[in-house]
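Asker: For the sequence shown, this note's numbering assigns the number 36 to the initial residue and increments by one for each residue that follows. Quick one: structure below, then a few questions.
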Amino acid sequence: MSDLIEQIHRSPKKFVLALTGGGSRALAKLLSIPGASETVLEASIPYHSQALNTYLGQEPENSASSSTARNLAMAAWHRAHTINGSHVNVAGVGVTCALTTKRRRLGTNRCHIAIQTSSQTTEVNIVFDGETRSRQDEENIISDIIIQQLADFCGLKAPYLTVPGKILKRTKNASETWSDLLTGKLKTTLSSNNSLNIFPGAFNPLHQGHKEMIAYSEKLLGDKVYLEVSISNVDKLPIDFLTMQDRQKQINKNPLIFTNSPTFLEKARLFPRARFILGVDTVLRIVDKKYYGNDERLLASSIDEICELGCKMVVFGRQFDGKFLTLDHLTLPEKIKRLCVGVEEKEFRSDISSTLLRESK
36 MSDLIEQIHR
46 SPKKFVLALT
56 GGGSRALAKL
66 LSIPGASETV
76 LEASIPYHSQ
86 ALNTYLGQEP
96 ENSASSSTAR
106 NLAMAAWHRA
116 HTINGSHVNV
126 AGVGVTCALT
136 TKRRRLGTNR
146 CHIAIQTSSQ
156 TTEVNIVFDG
166 ETRSRQDEEN
176 IISDIIIQQL
186 ADFCGLKAPY
196 LTVPGKILKR
206 TKNASETWSD
216 LLTGKLKTTL
226 SSNNSLNIFP
236 GAFNPLHQGH
246 KEMIAYSEKL
256 LGDKVYLEVS
266 ISNVDKLPID
276 FLTMQDRQKQ
286 INKNPLIFTN
296 SPTFLEKARL
306 FPRARFILGV
316 DTVLRIVDKK
326 YYGNDERLLA
336 SSIDEICELG
346 CKMVVFGRQF
356 DGKFLTLDHL
366 TLPEKIKRLC
376 VGVEEKEFRS
386 DISSTLLRES
396 K
């Protein structure tokens, strides 16, 4: 591997690594070869759960998973282009593992590696076979796979490596539009001044409740509903290209718009005169000064702008702490209330939760 690492260091590519313990031997190998300062911009090992939460800006649903590796890679990519001053020729590398340990642990030994650039997301998922091997042996295998993937990123020919178990690699090469969304050059994959019906959400996953809301809204509004997924959200990392691909695959009946508009005001600016399909929880966030830096004047001016943009809201009820709340239960500024049409509980109710569906898997 020494010759390959030398070639990596001679390439114009640079990267930031975020490793949760497993895979740290790859970092040691990279730093042991002269020239590492030309390629390794930064390396972090958020090993403790709180350190991982801080690095990601949120608590992952599963610390040793492909989605967490991709989130680590996205966070590392942001660090890389911040340090480098450009998103060109930089990558973020994220690694999460569940390896041989002294304590008893359920599940198989595995490792998830992800590499994020401005135009590509790659993940490599390794599930070791059931044979007993040392932590050191697993670390050696993982470190070689990480270096192999870095060589691929650098455009180098890496040796083929066998793994005692299963290995699955997925890559999504982004379209120019998707890439421009991530880098901030674009705000939306669809610009329209027409009065569209927009249903914003994460749709992770799209479930029967969403589908019934869409059907009800189309009947109420007399036109098709566009689903909108923002790749960035307040206090969360942007979603990666593989995640965008997965969201796109599950949505096949309605047009899907990707945006880079985490707040409702930004969505309203992109789609003036739109009719937004919302839950009461979203409406409450629109009027919560917490999302405006606790600035009452900023909240008031944002509400005024939303009104000036001619947006309307179809508001569905949601369950909170065992109680189903509809628009009638909310205390809202009069200006916002005039924009809203509430859907009564007797007309529509769905208690399906995307979070609970993910947790049940």
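In this text, a Cβ means the ideal position worked out from N, Cα and C, and glycines have one as well.
Report back the beta-carbon spacing between residue 5 and residue 150 to the nearest angstrom; my notes put them in contact at under 8 Å.
Answerer: Only positions 36 to 396 of the chain appear in the structure, and residue 5 is not among them; the question remains open.
Asker: Nearest CA to the CA of residue 280: which residue from 239, 96, 142, 44?
Answerer: Locating residue 280 in the sequence shown gives position 245, where the first residue counts as 1. For the residues 239, 96, 142, 44, the minimum Cα distance to residue 280 belongs to 239.
Asker: Could you name the residues of the same chain whose beta carbon sits closer than 7 Å to that of residue 49, not counting the 5 residues immediately before and after it, in chain order?
Answerer: Numbered from its first residue, the sequence shown carries residue 49 at position 14. So the list reads 74, 76, 115, 119, 124, 125, once near-sequence residues are dropped.
Asker: Using the three-state DSSP reduction, which class does residue 279 fall into: helix, strand or coil?
Answerer: One-based indexing of the sequence shown puts residue 279 at position 244. It is helical.
Asker: Determine the extent of the beta strand (DSSP E) in which residue 132 is found, giving its start and end residues.
Answerer: Counted from its first residue, the sequence shown places residue 132 at position 97. DSSP places residue 132 inside the beta strand (DSSP E), whose first and last residues are 125–133.
Asker: Which runs of the beta strand (DSSP E) spanning at least 3 residues fall entirely within the segment 206–245, listed in chain order?
Answerer: 232–235
Asker: In chain order, what are the residue ranges of uninterrupted alpha helix (DSSP H) at least 4 long that sit wholly in the segment 73–124?
Answerer: 84–91, 101–119
Asker: Kindly list the residues whose CB is nearer than 6 Å to the CB of residue 452, restricted to its own chain and excluding five residues on each side of it in sequence; keep chain order.
Answerer: No answer is possible for residue 452: it lies beyond the span of the chain, which begins at 36 and ends at 396.
Asker: Starting from residue 49, follow its DSSP beta bridges and name the residues at the other end.
Answerer: As a working note, residue 49 is residue 14 in the sequence shown. Residue 49 is bridged by DSSP to 125.
Asker: If you draw a straight line from the C-alpha of residue 400 to the C-alpha of residue 284, how long is it?
Answerer: Because residue 400 is not part of the residues shown, which for the chain are 36 to 396, the question remains open.
Asker: Once you ignore the five residues that flank residue 389 on each side, which residues in its own chain have a CB closer than 8 Å to its CB?
Answerer: Translated into positions along the sequence shown, residue 389 becomes position 354. If we look at residue 389 and ignore the five residues flanking it on each side, its Cβ neighbours are 237, 238, 239, 240, 242.
Asker: Judging by CA-CA distance, which residue of 297, 96, 354 is the nearest neighbour of residue 394?
Answerer: Sequence index remark: in the sequence shown, residue 394 carries index 359 (1-based). Minimum Cα distance to residue 394 is reached at 96.
Asker: Cα separation between residue 177 and residue 193?
Answerer: Here the question's residue 177 lines up with position 142 in the sequence shown. Here the question's residue 193 lines up with position 158 in the sequence shown. Their Cα atoms are separated by approximately 15 Å.
Asker: For a test of the three-state rule: what should DSSP assign to residue 315, helix, strand or coil?
Answerer: The sequence position of residue 315 within the sequence shown is 280, counting from 1. Residue state, collapsed to three classes: helix.
Asker: Straight-line CA distance for residue 368 to residue 93?
Answerer: Sequence index remark: in the sequence shown, residue 368 carries index 333 (1-based). Sequence index remark: in the sequence shown, residue 93 carries index 58 (1-based). C-alpha separation (whole angstroms): 31 Å.
Asker: Roughly how many whole angstroms lie between the Cα atoms of residue 144 and residue 82?
Answerer: For this step, residue 144 is matched to residue 109 along the sequence shown. For this step, residue 82 is matched to residue 47 along the sequence shown. Their Cα atoms are separated by approximately 17 Å.
Asker: Taking the C-alpha atoms as reference points, what is the distance between residue 131 and residue 365?
Answerer: On the sequence shown, position 96 is the one that residue 131 refers to. On the sequence shown, position 330 is the one that residue 365 refers to. So the alpha carbons of these two residues sit roughly 43 Å apart.
Asker: Note down, in chain order, each residue of its chain lying with its Cβ closer than 7 Å to the Cβ of residue 387, except the 5 sequence neighbours on either side.
Answerer: Position 352 of the sequence shown, counted from the start, is the residue given in the question as residue 387. So the list reads 242, 243, 244, once near-sequence residues are dropped.
Asker: In terms of residue numbering, what span does the beta strand (DSSP E) encompassing residue 358 cover?
Answerer: Within the sequence shown, residue 358 is the residue found at index 323, counting from 1. 358–360 is the extent of the beta strand (DSSP E) around residue 358.
Asker: Just reading off the alpha helix (DSSP H) that residue 156 is part of, what are its end residues?
Answerer: Your numbering for residue 156 matches position 121 in the sequence shown. Segment 155–163 is the beta strand (DSSP E) holding residue 156; no alpha helix (DSSP H) there.
Asker: Does DSSP put residue 387 in a helix, in a strand, or in coil?
Answerer: By one-based count along the sequence shown, residue 387 stands at place 352. Of the three classes helix, strand and coil, the one that applies to residue 387 here is coil, per DSSP.
Asker: Tell whether a beta-carbon distance below 9 Å holds between residue 261 and residue 289.
Answerer: Position 226 of the sequence shown, counted from the first residue, corresponds to residue 261. Position 254 of the sequence shown, counted from the first residue, corresponds to residue 289. Yes, the Cβ-Cβ distance between residue 261 and residue 289 is below 9 Å.
Asker: Helix, strand or coil, according to DSSP, for residue 265 in the structure here?
Answerer: Here residue 265 is taken as the residue at index 230 of the sequence shown, counted from 1. Strand.
Asker: Short of 6 Å in beta carbon distance, which residues of its chain neighbour residue 185, apart from the five on each side in sequence? Order them along the chain.
Answerer: What you label residue 185 is simply residue 150 of the sequence shown in a count that begins at 1. Excluding sequence neighbours, residue 185 sits near 43.
Asker: Locate the beta strand (DSSP E) running through residue 375, then write down its first and last residues.
Answerer: Here residue 375 refers to the residue found at position 340 of the sequence shown. Taken as a continuous stretch (DSSP letters only), the beta strand (DSSP E) holding residue 375 covers 375–377.
Asker: Taking Cβ to Cβ, would you say residue 351 is nearer than 9 Å to residue 313?
Answerer: Your numbering for residue 351 matches position 316 in the sequence shown. Your numbering for residue 313 matches position 278 in the sequence shown. In contact: residue 351 and residue 313 (Cβ atoms closer than 9 Å).
Asker: Give the single residue among 256, 164, 272, 157 whose Cα lies nearest to the Cα of residue 88.
Answerer: Sequence index remark: in the sequence shown, residue 88 carries index 53 (1-based). Comparing Cα-Cα distances from residue 88 to each of 256, 164, 272, 157, the minimum goes to 272.
Asker: Just to check my reading of the structure: residue 170 and residue 230 have Cβ atoms closer than 8 Å, yes? What is that Cβ distance to the nearest angstrom?
Answerer: If you number the sequence shown from 1, residue 170 lands on position 135. If you number the sequence shown from 1, residue 230 lands on position 195. Not confirmed; about 60 Å, so no contact.
Asker: Rounded to whole angstroms, what's the CA-CA distance from residue 377 to residue 318? Just pull it up for me.
Answerer: Here residue 377 corresponds to residue number 342 of the sequence shown, with the count starting at 1. Here residue 318 corresponds to residue number 283 of the sequence shown, with the count starting at 1. For residue 377 and residue 318, the distance between alpha carbons rounds to 11 Å.
Asker: Let me know the secondary structure DSSP gives residue 137 once reduced to three states.
Answerer: By 1-based counting over the sequence shown, the position of residue 137 is 102. Here residue 137 sits in coil by DSSP.
Asker: Which partner residues does residue 250 have in the DSSP bridge list?
Answerer: Sequence index remark: in the sequence shown, residue 250 carries index 215 (1-based). Answer is none; residue 250 lacks a bridge partner.
Asker: Go through the segment 167–211 residue by residue and report every complete run of the alpha helix (DSSP H) that reaches 4 residues or more, in order.
Answerer: 170–188
Asker: For residue 382, which residues from the same chain have a beta carbon less than 8 Å from its beta carbon, with the 5 sequence-adjacent residues on both sides left out?
Answerer: Looking up residue 382 in the sequence shown gives position 347. Within the same chain, Cβ atoms closer than 8 Å to the Cβ of residue 382 are found at 251, the five residues on either side in sequence being excluded.
Asker: What are the partner residues of residue 348, as DSSP defines its beta bridges?
Answerer: Counting from 1 along the sequence shown, the entry for residue 348 is found at position 313. According to DSSP, which records beta bridges pairwise, residue 348 is partnered with 311, 375.
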